[in-house]
Amino acid sequence: MTPPGKPGFLSSIPSENKMQLAWAHPASNGGSMITGWELQLVSASTSESYIISGSGTLVTIAGLINGQVYEIRVRAKNPAGYGPFSDSIQSTPYSALLSPQNMRSEVDGQNVKLEWEPPLANGTPVIGYKLELWSYDNAQAVFTGPSSVVQLGVVSSYTFSDLVFDEEYKFRIYGISPNGIGDFSETQVLIENSLDATTTTTTTTTTTTTTTTTTTTVPPPTPCTTTPSRNEVEIVDQLNDESQEISAIVEIDVRVPPRPLYVC
């Protein structure tokens with residue numbers, strides 16, 4: 007029988023004044039069941055060891071200092087003694103992150119620009135933001151979603167594009183800290199068509215007049231059956247010979263289609 011091997015996959019989930027630690031059993035238990043563990047937490051101001059009985063690999067350590075960086079490692083024990091420590095990790099407990107402040111929205115056509123300010127300072131750093139888009143279900147009269155989730159860095163604005171006219175949306179923004187997602191702020195926006203928006207924001211009524219043009223078809227007269235007299239032909243020839251010019255002012259009414267001209 008020998009001491010067990012080195013534990014692996016040590017991880018931490020920090021929260022306010024505490025952290026939850028988990029790890030995996032060693033690849034070798036030394037030929038005997040593991041009977042306990044030793045956890046070491048070392049910070050700039052303290053060094054603590056916690057003796058844990060049993061073979062379980064999950065424990066919560068409370069009473070820690072928010073904002074303090076702790077270096078953590080663990081080792082296993084069997085009847086032959088303690089084995090080597092695991093690789094160490096660092097973890098920092100923090101208070102729950104508050105919601106972002108002064109969330110604002112600006113609608114431009116089918117785009118919505120969101121702006122916000124960081125959460126109130128409570129000692130918890132912000133390392134990013136998460137945005138959610140929710141759509142309104144008219145049949146159920148509730149918002150459903152989120153239909154879109156966006157992860158951002160440390161920024162103060164974001165634009166959702168190509169939304170649908172005459173649809174209502176809800177937007178949520180969460181701050182992200184080293185120990186997880188905090189509280190959220192939200193706002194609701196109605197994407198109005200520009201024409202609809204003009205109607206709702208003005209008291210001026212615009213009247214559109216439509217002009218209808220009626221076309222009348224004039225049937226041609228019965229074809230001529232008479233032949234012009236010789237005297238009429240001679241008068242026309244005489245006028246042409248003398249190069250006389252006859253001028254007249256012609257008025258055309260475009261609303262009345264021209265009548266066809268027939269020479270008899």
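Under my numbering, residues 7 to 270 are what the sequence shown spells out, in order. Idealized CB from N, CA, C, for every residue including glycine. These figures come from a predicted structure and were not determined experimentally.
Residue i in three-state terms, based on DSSP
{"i": "Thr150", "result": "strand"}
{"i": "Gln46", "result": "strand"}
{"i": "Gly115", "result": "coil"}
{"i": "Leu103", "result": "coil"}
{"i": "Gln26", "result": "strand"}
{"i": "Glu198", "result": "coil"}
{"i": "Ile187", "result": "strand"}
{"i": "Met7", "result": "coil"}
{"i": "Phe15", "result": "strand"}
{"i": "Leu120", "result": "strand"}
{"i": "Asn35", "result": "coil"}
{"i": "Thr217", "result": "For Thr217, the predicted model reports a pLDDT of 35, less than 50, meaning its position is unreliable and no value from the coordinates is stated."}
Residue j beta carbon less than 8 Å from that of residue i
{"i": "Trp43", "j": "Ala68", "result": "no"}
{"i": "Ser94", "j": "Ile78", "result": "yes"}
{"i": "Val118", "j": "Thr165", "result": "yes"}
{"i": "Val195", "j": "Tyr175", "result": "yes"}
{"i": "Glu22", "j": "Pro99", "result": "yes"}
{"i": "Val80", "j": "Trp29", "result": "yes"}
{"i": "Phe177", "j": "Ser111", "result": "yes"}
{"i": "Ser163", "j": "Leu120", "result": "yes"}
{"i": "Leu45", "j": "Ser55", "result": "yes"}
{"i": "His31", "j": "Ile19", "result": "no"}
{"i": "Gly36", "j": "Thr8", "result": "yes"}
{"i": "Thr130", "j": "Ser49", "result": "no"}
{"i": "Lys24", "j": "Pro90", "result": "no"}
One or two residues paired with residue i in a DSSP bridge
{"i": "Thr98", "result": "For Thr98, which the question treats as bridged, DSSP gives no partner whatsoever."}
{"i": "Thr193", "result": "Phe177"}
{"i": "Gly132", "result": "One point to set straight first is that residue 132 is Val, not Gly, in the sequence displayed. DSSP lists no partner for Val132."}
{"i": "Ile57", "result": "Glu44"}
{"i": "Pro20", "result": "Met25"}
{"i": "Trp140", "result": "Lys176"}
- Query: Between the stretch 150-160 and the stretch 123-139, do at least 3 Cβ pairs fall closer than 8 Å?
  - Reply: yes
task = Please go through the stretch 157-183 and give each complete beta strand (DSSP E) segment of 3 or more residues, from N-terminal end onward.
result = 163-166 and 173-183
task: May I ask you to verify whether the stretch 169-182 touches the stretch 72-87, counting CB pairs closer than 8 Å and requiring at least 3?
output: no
Exercise for the section: Pair every Cβ in the stretch 54-64 with every Cβ in the stretch 97-111, then say whether three or more of these pairs are closer than 8 Å. Expected result: no
Practice item. Give, in chain order, every unbroken run of the beta strand (DSSP E) that is at least 3 residues long and sits entirely within the stretch 60-100. Key: 64-68, 76-84 and 95-97
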